[in-house]
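First residue of the sequence shown? That's 1 in full-length UniProt numbering, and the numbers climb one at a time after it. Think of the CB as a built atom: it goes at the ideal place given N, C-alpha and C, for glycine as much as any other residue.
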Amino acid sequence: MPEPWAEDYRQRYHIFADKYGLDRENESWDSAEFFQQLTMLRLYCDHPRLAGGSHYDLPRQETTWHDSPKIAHLVEDLKTHLTSEQGGNIPKAVVFSQWTSFLEIVGVALLENQIAFETLDGSCSLQQREKSLARIRQEPNVQVLLATIGAGGVGIDLTCTQKVYLMEPCWNPSVESQATDRAYRLGQSCTTHIIRYFIEGSIE
Numbered sequence: 001m002p003e004p005w006a007e008d009y010r011q012r013y014h015i016f017a018d019k020y021g022l023d024r025e026n027e028s029w030d031s032a033e034f035f036q037q038l039t040m041l042r043l044y045c046d047h048p049r050l051a052g053g054s055h056y057d058l059p060r061q062e063t064t065w066h067d068s069p070k071i072a073h074l075v076e077d078l079k080t081h082l083t084s085e086q087g088g089n090i091p092k093a094v095v096f097s098q099w100t101s102f103l104e105i106v107g108v109a110l111l112e113n114q115i116a117f118e119t120l121d122g123s124c125s126l127q128q129r130e131k132s133l134a135r136i137r138q139e140p141n142v143q144v145l146l147a148t149i150g151a152g153g154v155g156i157d158l159t160c161t162q163k164v165y166l167m168e169p170c171w172n173p174s175v176e177s178q179a180t181d182r183a184y185r186l187g188q189s190c191t192t193h194i195i196r197y198f199i200e201g202s203i204e
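Here's what the structure looks like:
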């Protein structure tokens with residue numbers, strides 16, 4: 001995590017640990033606040049702006065995505081994968097995250113790098129969902145699907161993709177397994193690669 005974000009994160013983490021990380025047997029604490037603060041630390045690992053509560057305005061290209069080491073690595077890895085040889089198949093990938101707000105920032109990065117993509121999240125209607133899936137499967141120039149792990153992790157066929165990116169760890173490993181199964185289920189003819197992101201030294 002680049003500075004000054006790393007120092008800011010450490011301060012937030014120590015405040016959280018001091019408040020909740022010790023034996024509080026004789027003290028009461030708000031479980032809702034605990035999970036809210038825990039989620040903020042997890043969001044910070046994806047992109048520092050997400051933890052501040054500020055809205056990331058998608059059309060504003062001047063708003064940087066480079067502050068997220070995850071996105072920086074993702075973009076470079078996608079550039080390599082999307083120009084690779086996949087046994088006669090068009091190289092494609094699916095990017096899973098738990099948060100639509102983070103996928104919006106990923107989308108800014110892909111637009112800036114001329115990488116065409118489709119999105120799939122819980123707000124999509126059935127018609128929008130089918131359209132996005134049809135495009136990632138059938139259109140050669142659409143090579144990336146950005147999906148929330150809840151909406152894209154169950155009940156769909158993504159064997160058109162050869163690479164799966166999990167942008168943050170999940171509480172339940174079976175959720176990750178369900179998501180990755182979308183890509184290497186029966187019908188996959190290529191080797192499937194899975195990349196799991198986490199920030200070293202963080203709550204992840």
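- Pairing residue 192 with residue 18, the inter-Cα distance amounts to about 42 Å.
- Secondary structure of residue 163 (DSSP, three-state): strand.
- CA-to-CA, the gap between residue 69 and residue 168 works out to about 12 Å.
- Counting only the Cα atoms, residue 204 lies some 8 Å from residue 45.
- Distance between residue 194 and residue 162, taken at the CA atoms: about 9 Å.
- Residue pairing for residue 198: DSSP places it in no beta bridge.
- In this structure, DSSP gives residue 81 a helical state, which the three-state scheme calls helix.
- As the crow flies, the alpha-carbon of residue 48 is around 7 Å from that of residue 5.
- The Cβ neighbour count for residue 126, taken over all protein chains shown within 10 Å, is under 16; the residue is labelled exposed.
- Annotation for residue 174: the continuous alpha helix (DSSP H) segment containing it runs 173 to 184.
- Around the beta carbon of residue 38, a 10 Å sphere encloses fewer than 16 other beta carbons of the protein chains shown; the residue is thus reported as exposed.
- The alpha carbon of residue 165 has as its nearest neighbour, out of 135, 171, 149, 13, the alpha carbon of 149.
- Counted as a single uninterrupted DSSP element, the beta strand (DSSP E) harbouring residue 97 occupies residues 93 to 97.
- Residues of the same chain with a CB within less than 7 Å of the CB of residue 66, apart from the 5 flanking positions on each side, are 72 in chain order.
- Per DSSP, residue 142 lies in no beta strand (DSSP E) segment and is marked neither H nor E.
- In this structure, residue 170 lies away from residue 89, with their beta-carbon atoms at least 8 Å apart.
- Ranked by Cα distance from residue 82, the first of 122, 1, 40, 110 is 110.
- Contact annotation: residue 115 and residue 95 have beta-carbon atoms that are not nearer than 8 Å.
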